[in-house]
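In the numbering used here, the protein residues as written are 233 to 532.
Right, one structure below, let's go through it.
What follows is the structure, encoded as structure tokens:
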């Protein structure tokens, strides 16, 4: 059954905890374990990784924490990504950063992530970036083998355009479950290029990386950022002076595509505040007030 035929089903949680900066959190193993358990208690059960995060170290940092209580593995969904080959001290022979979606490399990276995360399976494997050198049939064949071998349950992509997503899907037996893309009131690209429109129609929930726009919203330095912050302030006041971050997350959650924000924080209070935004309801006019502020002009 395709995702569009069963929109009520989805294997990921409403929010995801992003592990990009896990190494910078500097949490001892027991404290990190406690934080992960707190996230799960909040309903944030999807943990978003990538093989390259933290110079290829974040998966192992995460695993050292959850190995203190292996019983929590079945309470979470582990998402990881592959495909980017970084220039790194761990790979001194690489001369440039590039992408590799060969069958051999994808399978090798899955095996590495399984080892790093100390798990028998990955819940969802995403291709990290689209590549100008990409064999759709080979990737689809690789997905099928990983699924058959029980090493990966679901597959998706990250940063793909509409046509790139559809082209890969045409070759795959399994439905792609997500496209992790940049979405925030500051970053409207995927509202304008028909990506989100397609995902909404197909019942495929996008994951939103950098939902707070990396500080460009709460600490703006550009005219655009200042316009959007002013609009957020107005909406916050209208809703009883709720925190600005909750207005932003509520704006994202309001969209009918059921966007999954990836929240990259090691602070429980910030994660809790983000989750509480699901109880904040914006009117359609308030949603467009923020959208129009980002555009810098009225909608056509």
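Ideal Cβ positions, reconstructed from N, Cα and C, are used throughout, including at glycine.
Quick caveat, the model's predicted, so the values are computed rather than measured.
- According to the DSSP assignment, residue 520 belongs to no beta strand (DSSP E) but to the alpha helix (DSSP H) extending over 516-527.
- In the structure shown, residue 273 adopts helical secondary structure according to DSSP, grouped into three states.
- Residue 451 and residue 457 have their C-alpha atoms spaced approximately 8 Å apart.
- Across the structure, residue 332 and residue 315 are spaced so that their CA atoms are roughly 5 Å apart.
- Residue 463 is positioned such that its CB atom lies closer than 8 Å to that of residue 522.
- At least 8 Å separates the beta-carbon of residue 401 from that of residue 467.
- Between the alpha carbons of residue 531 and residue 433 lies a distance of about 22 Å.
- Setting aside the 5 residues that flank it on each side, residue 389 is surrounded in the same chain by 358, 359, 362, 396, 397, 400, 408, 410, 411 and 412, each with a C-beta closer than 8 Å to its C-beta; the list follows chain order.
- Between residue 387 and the set 437, 428 and 500, the nearest pair of CA atoms involves 437.
- Contact between residue 286 and residue 250 is ruled out by a C-beta separation of about 12 Å, above the 8 Å threshold.
- In chain order, 249, 308 and 310 place their CB closer than 6 Å to the CB of residue 279, counting only its own chain and leaving out the 5 sequence neighbours on each side.
- Distance from the CA of residue 490 to the CA of residue 302, rounded to the nearest whole angstrom, comes to 31 Å.
- Per DSSP, reduced to three states, the secondary structure at residue 387 is strand.
- The alpha-carbon separation between residue 441 and residue 325 amounts to approximately 31 Å.
- Nearest to residue 242 by C-alpha distance, out of 479, 346, 480 and 277, is 277.
- Contact between the stretch 414-427 and the stretch 365-378 is absent, with fewer than three C-beta pairs closer than 8 Å.
- Classified as buried, residue 312 has 16 or more neighbouring CB atoms from the shown chains inside 10 Å of its CB.
- According to DSSP, residue 408 shares a beta bridge with 387.
- With respect to residue 291, residue 281 sits close: the two C-beta atoms are nearer than 8 Å.
- Under the DSSP assignment, residue 374 falls in the alpha helix (DSSP H) whose first and last residues are 368-380.
- The alpha-carbon of residue 354 is positioned some 14 Å away from that of residue 294.
- When secondary structure is reduced to three states using DSSP, residue 493 falls in the strand class.
- Relative to residue 487, the option among 503, 510 and 454 whose CA is nearest is 510.
- A direct Cα-Cα distance of roughly 34 Å separates residue 346 from residue 482.
- In the DSSP assignment, residue 316 forms a beta bridge with 331.
- Taking the C-beta atoms as reference points, residue 448 is found no nearer than 8 Å to residue 475.
- Taking residue 406 as the centre and dropping the five residues before and after it, the same chain places the C-beta of 375, 376, 379, 386 and 387 closer than 8 Å to its C-beta, in chain order.
- Rounded to whole angstroms, the Cβ separation of residue 370 and residue 335 is 5 Å, and the two are in contact under 8 Å.
- The three-state reading of DSSP puts residue 284 in coil, since its state is none of H, G, I, E or B.
- Residue 300 is a Cβ neighbour of residue 265, given a cutoff of 8 Å.
- By the Cβ-count criterion, residue 258 is exposed, with fewer than 16 other Cβ atoms from all chains shown falling within 10 Å of its own Cβ.
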